[in-house]
Amino acid sequence: MRDGESERGAGLTGFRRLTWWTVPGTTVCLLVLFYGEWVLDPDVPALARVPVALALVVDAVVGAALLGRPLSPSAAADGVHPPRPPRHVLVVLVAATVVLAALPLARRAYELWAVAPAVTTAVCATFLRPSHRRALLAGAVLLAMLPGAAVSLAAGDGEFAYAALFPAGLVAFTAWTVLGPLWAWNIAGRLDRARRLEAELAVRDERLRFAADLHDIQGHHLQVIALKSELAARLVERDPARAAAEMREVQQLSADALRDTRAVVRGYRRTTLDDEIANAGKVLAAAGIDTRTSLEPAAPAGDMADGTRHLLGLVVREATTNVLRHSRARYAEIDHRITGDRARLRVANDGADEYPGAGDGTGLTSLAERLRAADGELTWHRDGDRFEVTATLPLGRADAPPETLKEVAR
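Numbering (the working numbering), first residue to last: 32 to 441.
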C-alpha cells in the first residue's frame, strides 16, 4: 500500500470514528441523561420508573446499533444505501419508544416525552430515500404537536403552547443533529470512492498508452525487419555481400527493438520527432521509395515541448509503417513546419491500396485520440491512390515533464 492510500484510509477511519461518537454515541448519552434523571427521581412512582428503565436500555442499544449501520466500512467502500433493518427490530424499537413517551407524558413531562420519539424518527429516516425521508420528518414534526397539546388541554395547566411546540421543535432538531453528520459521512465516502475510481482510471489509461507505445515500437521494427529480411533473401544468391549487409542491419534493428521495448517498460523512453523523421527517410529509401523531407522552418529545440515532439514522432512512425504495409508507394513526402503557436506535420504517399485506419491494432485511430487529449488534431484522407496524414499540436512548454506509469499511479 502506498503512503497516499494509507493516509486516505486513516483519514476516512478517523472521520468514521468521529461520526460514530457524534451520532450513535451522543444519541445514547442524551437518552441516558434525560431519562436517567427521570428514572432516578424519587417523586416518580416505581411502577413508572421500572418500565421506563427497561425501555431505555432497549431503545439505547437498538438505536445505537441501527445508527451504526450506515457507518460500516463496507457501506463506505461500496456506496450501497444501508438496507432497511428487519421488521422485528423496528417493532422492538417502536415498542420501547412508546413506553418512553407514554409514561412521562402521562405525568405531563412535556420536555421529556418526545426525546425517544424524536430519536426513533431520525433512526427510521436514516434508512429512507430522500423524498420519503422528507415526508416522514414533516409528518413527525406535525404529529409531535398533538399528544402534548391534548394532554395540556385535558389537564388545563395553561401550558398548551409549550406542550405543542417544544416536542415539534425537538423532533426537528434531533433529525438535524443525527442526519447531518450521517450525510457528511456519506459525502466523504463518495469522495473517497471517486478518488479510488480516478486512480484506477488513470492507471488504466496509462496501461492503454503503454500498450499503444509497445504496439508502435514492435510494429514498426518488425515491419522493417520483415522488409529487410525479404530483401536479403532475394539478394543472397546474386549479391551475397549486400545480403549480408542487410542481415547485419536486421540484427541491429532487432537489438534496437529489444532496447526500445526495455526502455518503454522502464518508462524512460520518449520518441523524438527528429530521430523518427530521419529514420523514416532511411527506411523508405531502403524500400525503394523516393522520399522528400521538408523541415521549413525547422523548430528550435526550446520552442517545442517534449510531449509534442513525442506525439509527432509517433505519427511519423505510424505513417511510415502504413506506407510500408498498405501501399505500393513509389513516392513519399514528410513535411514538418511551425505555424504560429502550433506544430504541423504532414506525411503523404502514392500507391495507397488500403485504408490504413481500418486495420487491427491501435493505428491512426488511437493516435487521433491521444492528439485530441493534447489539444491537437490528427486527420487522414485518401484521394485516388494518394494517402495523406496531417497532425497539428500546440507547441506547449519545453519543460513539460514526461508522463510515466509511476507518476500517474502515485
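Glycine included, C-beta positions come from ideal geometry on N, C-alpha and C. Fair warning: this is a prediction, and the values are worked out from it, not measured in the lab.
Relative to Y66, the option among G56, P82, W216 whose CA is nearest is P82. For the 7 Å CB-CB criterion, A194 and A180 form a contact.
For R368, the enclosing beta strand (DSSP E) covers residues 362–370. Here E408 carries a strand assignment [DSSP, helix/strand/coil]. Rounded to the nearest angstrom, the gap between the Cα atoms of L124 and V93 is 6 Å. With 16 or more other Cβ atoms inside 10 Å of its own Cβ, E349 counts as buried.
Taking a C-beta distance under 7 Å as the contact criterion, R361 and G382 qualify as a contact pair. Judged by DSSP in its simplified three-state form, V125 adopts helix.
Rounded to whole angstroms, the gap between the alpha carbons of T53 and A374 is 59 Å. Per DSSP, V420 is one residue of the beta strand (DSSP E) stretching across 417–425. Within the same chain, Cβ atoms closer than 8 Å to the Cβ of T152 are found at L167, L168, A171, V202, T205, A206, the five residues on either side in sequence being excluded. By the neighbour-count criterion, in which a residue is buried when 16 or more other Cβ atoms sit within 10 angstroms of its Cβ, L184 is exposed.
Judged by DSSP in its simplified three-state form, T303 adopts coil rather than helix or strand.
At a Cβ-Cβ threshold of 7 Å, D366 and S325 count as neighbours. Separation of E229 and D223 (C-alpha to C-alpha, rounded to the nearest whole angstrom) is 10 Å.
Look at A145 here: in three-state DSSP terms it is coil, with no helix or strand label.
Check the Cα spacing between V378 and each of G371, D188, L355: the tightest is with L355. DSSP, read as helix, strand or coil, puts A275 in helix.
D372 sits exposed, since fewer than 16 C-beta atoms from the chains shown fall within 10 Å of its C-beta.
A374 sits in a strand when the DSSP states are folded into three classes. If you ignore the 5 residues before and after V154, its C-beta comes within less than 8 Å of the C-beta of G94, L97, L98, L124, V209, all in its own chain and listed in chain order.
The Cβ atoms of T339 and L424 sit closer than 7 Å to each other.
Taken in chain order, the complete alpha helix (DSSP H) segments of 4 or more residues contained in the segment 167–227 are 176–186. Beta-bridge analysis with DSSP links L326 to H367.
No residue range can be given for W52, since it is assigned to no alpha helix (DSSP H) and is classified by DSSP as neither H nor E. Exposure of H119 is indicated by the presence of fewer than 16 other C-beta atoms within 10 angstroms of its C-beta. For the 7 Å CB-CB criterion, A175 and P198 form a contact.
Pairing A147 with L134 gives a Cβ-Cβ distance that is not under 7 Å.
Just measuring C-alpha positions, the residue of R269, E142, E364, L78 sitting nearest P178 is E142. With respect to A91, L62 sits close: the two C-beta atoms are nearer than 7 Å.
Remark: C-beta atoms of A84 and V75 do not approach each other more closely than 7 Å.
DSSP lists A363, F418 as the bridge partner or partners of N380. In the structure shown, D337 adopts helical secondary structure according to DSSP, grouped into three states.
With contacts defined as CB atoms closer than 7 Å, E280 and K313 fail to qualify as a contacting pair. In the assembly as shown, P55 is a buried residue. Its beta-carbon has 16 or more other beta-carbons within 10 Å.
When secondary structure is reduced to three states using DSSP, R138 falls in the coil class, being assigned neither helix nor strand.
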